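With our numbering applied, the sequence shown closes on residue 260, and no number is skipped along the way.
The structure appears right after this line, and notes come after that.
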Amino acid sequence: MKKARICTITSVKGGTGKTTFTLNLAATLKLMKKRVLVIDLDVAAGDVAARLDLAHEKDLYNCYEDIRNHTFEQIEDYVYPYTEGIDILSAPKDPRYASKIETGFLTYLISKVSLKYDVILMDTNHMLSPLNLVAFDYSDQIFYIMNNECMNLKGMRTMSAIFEDMESDKMVVVLNDSTKKTTGEYTISDMKNLMKREVDYRIPQSFYQKKYDKYVMNGVIFLLDKKVRKASSRAVKVYQSIAKGLLKED
Ligand SMILES: Nc1ncnc2c1ncn2[C@@H]1O[C@H](COP(=O)(O)OP(=O)(O)OP(=O)(O)O)[C@@H](O)[C@H]1O
Ligand SMILES: [Mg+2]
11 MKKARICTIT SVKGGTGKTT FTLNLAATLK LMKKRVLVID LDVAAGDVAA RLDLAHEKDL
71 YNCYEDIRNH TFEQIEDYVY PYTEGIDILS APKDPRYASK IETGFLTYLI SKVSLKYDVI
131 LMDTNHMLSP LNLVAFDYSD QIFYIMNNEC MNLKGMRTMS AIFEDMESDK MVVVLNDSTK
191 KTTGEYTISD MKNLMKREVD YRIPQSFYQK KYDKYVMNGV IFLLDKKVRK ASSRAVKVYQ
251 SIAKGLLKED
């Protein structure tokens, strides 16, 4: 049986569009008929379940505790289907539990889910925390979602040097121009010079959604909305190339 492709979504600064990216990549993969598990590994501040209006009882902390107590039976007891093809394992509802989660559980969790899904997307935060580092280890690709801003570029330069030092080719840089109405001031060539690295993919500014909050209020992922797909054909193509790159398909 084929094992899932695993990836972590992270950044060097907060608010660059990681969660929006994760959910739209999940939607893209679902439309390609893949089975996707989204793990909200932003353990203290994860908002995937809230965004998707998921009525869930169990979360990552319950899963962690049951693994620790040897009472974990099956992942189906903890994941919630958002729609056919997309399951969600949400972050702890109570953020006070976040610091109790020990990193070792991820090894067990991944072993339990990797044969059940085509892709596992782990949405994280911008910290190099022990948990995120373990997620990196299990990932085939690590997506860095960055914005066109000075401190993002400086942080990305440091991070790409670290990946080079580790001789890791897992880093995928996604420039996200869609979080704001306006694009930033640096050109792609400025960015390359500042980061000492290429941008791998660019989500166009045309993917900016004026009604972002409405989608969140209604628990809808934009790319599952036909109207958005029609109006954002460039972004759709970028997401499809990212998905194919992750699946290693042409
Ligand atoms: N396509 C978009 N259209 C409009 N606004 C967007 C879009 N993507 C992101 N945003 C804006 O950027 C904000 C941050 O996005 P998001 O929550 O996905 O980032 P994040 O990197 O996950 O943040 P955090 O670091 O807090 O987890 C959103 O609340 C929204 O205001
Ligand atoms: Mg987020």
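We put the beta carbon where it would ideally sit given N, CA and C, even for glycine.
If you're wondering where the values come from, they're calculated on a predicted model, not measured in any experiment.
Does the distance from the C-beta atom of residue i to that of residue j stay below 7 Å?
i: R207; j: S170; result: yes
i: V183; j: V209; result: yes
i: D133; j: T29; result: yes
i: D69; j: P91; result: no
i: L131; j: A36; result: yes
i: G114; j: N158; result: no
i: D128; j: K44; result: yes
i: I98; j: L51; result: no
i: R239; j: V246; result: yes
i: Y74; j: I111; result: yes
i: F217; j: S188; result: yes
i: T38; j: A241; result: no
i: V144; j: L119; result: no
i: V48; j: A108; result: no
From the options, pick the residue whose C-alpha is nearest to that of residue i; which is it?
i: N142; options: T18, K13, A14, K12; result: T18
i: R167; options: V22, L233, D63, K12; result: V22
i: K258; options: M156, I198, Q151, L163; result: Q151
i: M161; options: N72, L125, L204; result: L204
i: N266; options: G25, V53, M227; result: There is simply no residue 266 to check, as the chain begins at 11 and stops at 260 in what is shown.
i: L62; options: V226, G27, S251, T197; result: V226
i: D200; options: L163, K180, M176; result: L163
i: R106; options: N79, Y71, H136, Y148; result: Y71
i: M11; options: Y148, K190, K237, K126; result: K126
i: I198; options: M156, K237, D223; result: M156
i: F173; options: R78, D57, L138, K237; result: L138
i: G255; options: E83, M181, K236, K202; result: M181
In chain order, what residues of the same chain lie with their CB nearer than 8 Å to the CB of residue i, ignoring the 5 residues before and after it?
i: K40; result: V46, T93, E94, G95, I96, L234
i: S124; result: K13, A14, I16, I130
i: D175; result: none
In terms of residues, what are the limits of the beta strand (DSSP E) holding residue i?
i: T134; result: Here T134 belongs to no beta strand (DSSP E), and DSSP marks it neither H nor E.
i: V46; result: 46–50
i: Y196; result: Per DSSP, Y196 belongs to no beta strand (DSSP E) and is neither H nor E.
i: T29; result: From DSSP, T29 is part of no beta strand (DSSP E) but of the alpha helix (DSSP H) over 28–41.
i: V248; result: Note, V248: premise wrong, no beta strand (DSSP E); alpha helix (DSSP H) at 243–257.
i: T117; result: Run containing T117: none in the beta strand (DSSP E); it sits in the alpha helix (DSSP H), 115–123.
i: M156; result: 151–156
i: R212; result: 211–213
i: I98; result: 96–99
So, at 6 Å on beta carbons, what are the nonlocal neighbours of residue i in its own chain, with the 5 sequence-adjacent residues on each side left out?
i: H66; result: A59, Y90, S100
i: N135; result: D52
Along the alpha helix (DSSP H) that carries residue i, what are the first and last residues, could you check?
i: Y140; result: Note that residue 140 is Pro in the sequence shown here, rather than Tyr. First-last of the alpha helix (DSSP H) with P140: 140–148.
i: Q8; result: Past the edges of the chain, shown from 11 to 260, lies residue 8, and the structure says nothing about it.
i: N162; result: 160–175
i: V226; result: 222–228
i: R61; result: 58–61
Excluding five sequence neighbours on each side, which residues of the same chain lie with their C-beta closer than 7 Å to the C-beta of residue i?
i: K122; result: I85
i: D87; result: K68
i: N34; result: I231, F232, L233, Y249
i: Q215; result: D187, S188, T193
i: M42; result: A253
Closer than 5 Å: residues whose CB approaches a heavy atom of ligand 2: What you get when you keep residues with a C-beta closer than 5 Å to any heavy atom of ligand 2 is K28, T29.
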